[in-house]
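In the numbering used here, the protein residues as written are 5 to 302. Following: one structure in structure tokens, then a few remarks.
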């Protein structure tokens, strides 16, 4: 979380993309209520235990990084938040609402609060960038003028407004991911879920994706889950923060003397349980052999 001096000196960057005044926000009662909660969640497929008593929460404006081996339940957690999978037992709570037993119709209002960023961008190849980003609004019957305004606003946020008329086949892998993020942000969701958004990307492009997640966290007060197995992502998200210069430029700085990040934490899944929960510094200092092998890519 940014300190009060930084928040007060941060100007507006866009009519609807405003940094949050965190000094005032801490006085809002609803901020005490987590955006996402998993309460003793269990899930098995046949005889295989996938989640074994998972407990964690994501605070307002917090990024929770979920680490773990392939098949360890990371993406399963995202599917459960979206109501695509139901737990065998336990509770899943979104904005104070228990969604554990919600049916498809009840989940529609919950999903309106959530943006989803898929691993490959998951764009419709037959639709232009504009049509991909506008898809949800078109389905809702929103006025065309408003749709164009919102699409351009979101593409501007991911620095791709010039690609508005391109087809997905004309985009690089990184550009496709950024279009996917723009599409996820339509409707200004308060929660964004990232499922391995940097997989297969080169390091500079992966960093760009992480910077977009940082902007959402620090400038939009978005709560997010960032599923990854890449330690570079952990380093970027846990040690850098975004501010806005007087001329409107967004810059990224390393935590240090000016502030210490409190709005990003890591959890590591291990054998269906939360094997670690804490800061990136604590993660690096854990003596557990399994965690150290994971950190070092072994």
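For every residue, glycine included, the Cβ atom is placed at its ideal position computed from N, Cα and C. Remember, predicted model here, so these are calculated numbers, not experimental data.
Contact check, residue 197 vs residue 103, beta carbons under 8 angstroms: Mapped onto the chain shown, residue 197 falls at position 193. Mapped onto the chain shown, residue 103 falls at position 99. Result no, Cβ atoms of residue 197 and residue 103 do not sit closer than 8 angstroms.
Residues near residue 239 by beta carbon distance below 6 angstroms, same chain, minus five either side: Numbered from 1 along the chain shown, position 235 holds the residue referred to as residue 239. The answer is none, since no qualifying residue turns up.
CB contact flag (residue 205, residue 181, <8 angstroms): Walking along the chain shown from the start, residue 205 turns up at place 201. Walking along the chain shown from the start, residue 181 turns up at place 177. Yes; because the gap between Cβ atoms is below 8 angstroms, this pair is in contact.
Among 282, 67, 129 and 95, the one whose alpha carbon lies nearest that of residue 56: Reading the chain shown from its first residue, position 52 is the one you call residue 56. When each option's Cα is compared against that of residue 56, the closest is 95.
Residue range of the beta strand (DSSP E) that includes residue 44: Within the chain shown, the letter at position 40 stands for residue 44. Looking at the DSSP string, the run of the beta strand (DSSP E) that includes residue 44 is 40–49.
Rounded separation between residue 78 and residue 142 - CA only: The sequence position of residue 78 within the chain shown is 74, counting from 1. The sequence position of residue 142 within the chain shown is 138, counting from 1. The alpha-carbon atoms of residue 78 and residue 142 are separated by roughly 31 angstroms.
Spatial distance of residue 190 from residue 275 (CA atoms): Indexing the chain shown from 1 puts residue 190 at position 186. Indexing the chain shown from 1 puts residue 275 at position 271. Straight-line Cα distance between these residues: approximately 36 angstroms.
Straight-line Cα distance separating residue 199 from residue 145: By one-based count along the chain shown, residue 145 stands at place 141. By one-based count along the chain shown, residue 199 stands at place 195. Cα to Cα, the separation comes out at about 28 angstroms.
Residue 203 - DSSP class collapsed to helix/strand/coil: Position 199 of the chain shown, counting from 1, holds the residue named residue 203. Reduced to three states, the DSSP call for residue 203 is coil.
Close beta carbons around residue 228, own chain, < 6 angstroms, minus the five adjacent residues each side: Along the chain shown, one-based indexing puts residue 228 at 224. 67 and 196, listed in sequence order.
Whole-Å CB distance - residue 234 paired with residue 202, under 8 angstroms assumed: Start at 1 with the first residue of the chain shown, and residue 234 comes out as number 230. Start at 1 with the first residue of the chain shown, and residue 202 comes out as number 198. Indeed they touch by this definition, with Cβ atoms about 6 angstroms apart.
Cβ-based neighbour list, residue 82, same chain, cut-off 6 angstroms, excluding 5 preceding and 5 following: Stepping through the chain shown from its first residue, residue 82 is reached at position 78. Excluding positions up to five away in sequence, the list reads 197 and 199.
As assigned by DSSP and simplified to three states, the class of residue 82: Along the chain shown, read from residue 1 onward, the residue named residue 82 stands at position 78. Helix at residue 82.
As assigned by DSSP and simplified to three states, the class of residue 209: If you number the chain shown from 1, residue 209 lands on position 205. Note: residue 209 maps to helix in three-state DSSP.
The stretch 98–114 contacting the stretch 128–142, beta-carbon criterion three pairs below 8 angstroms: no
Residue 162, buried or exposed, once every other Cβ within 10 Å from all chains shown has been counted against 16: Position 158 of the chain shown, counted from the first residue, corresponds to residue 162. It counts as buried.
Extent of the continuous alpha helix (DSSP H) run through residue 286: To locate residue 286, count along the chain shown from 1; it is residue 282. Where residue 286 is concerned, the enclosing alpha helix (DSSP H) stretches over 284–289.
C-alpha gap between residue 243 and residue 268, whole angstroms: Counted from its first residue, the chain shown places residue 243 at position 239. Counted from its first residue, the chain shown places residue 268 at position 264. The straight-line gap from Cα to Cα measures roughly 9 angstroms.
Beta-carbon proximity of residue 158 to residue 186, cut-off 8 angstroms: Numbered from 1 along the chain shown, position 154 holds the residue referred to as residue 158. Numbered from 1 along the chain shown, position 182 holds the residue referred to as residue 186. Yes, they are a contact pair.
Alpha-carbon to alpha-carbon, residue 179 and residue 166: Taking the first residue of the chain shown as position 1, residue 166 is located at position 162. Taking the first residue of the chain shown as position 1, residue 179 is located at position 175. Computed Cα separation, rounded: 11 angstroms.
Beta-carbon proximity check, residue 184 vs residue 121, cutoff 8 angstroms: Sequence index remark: in the chain shown, residue 184 carries index 180 (1-based). Sequence index remark: in the chain shown, residue 121 carries index 117 (1-based). Yes; because the gap between Cβ atoms is below 8 angstroms, this pair is in contact.
For residue 90, three-class secondary structure by DSSP: Numbered from its first residue, the chain shown carries residue 90 at position 86. Coil.
Burial state of residue 297 (16 or more Cβ within 10 Å): Taking the chain shown and counting its residues from 1, the one referred to as residue 297 is at position 293. Classification of residue 297: exposed, given that the 10 Å Cβ count is below 16.
Complete alpha helix (DSSP H) runs within the stretch 95–119 (minimum length 4 residues, chain order): 108–115
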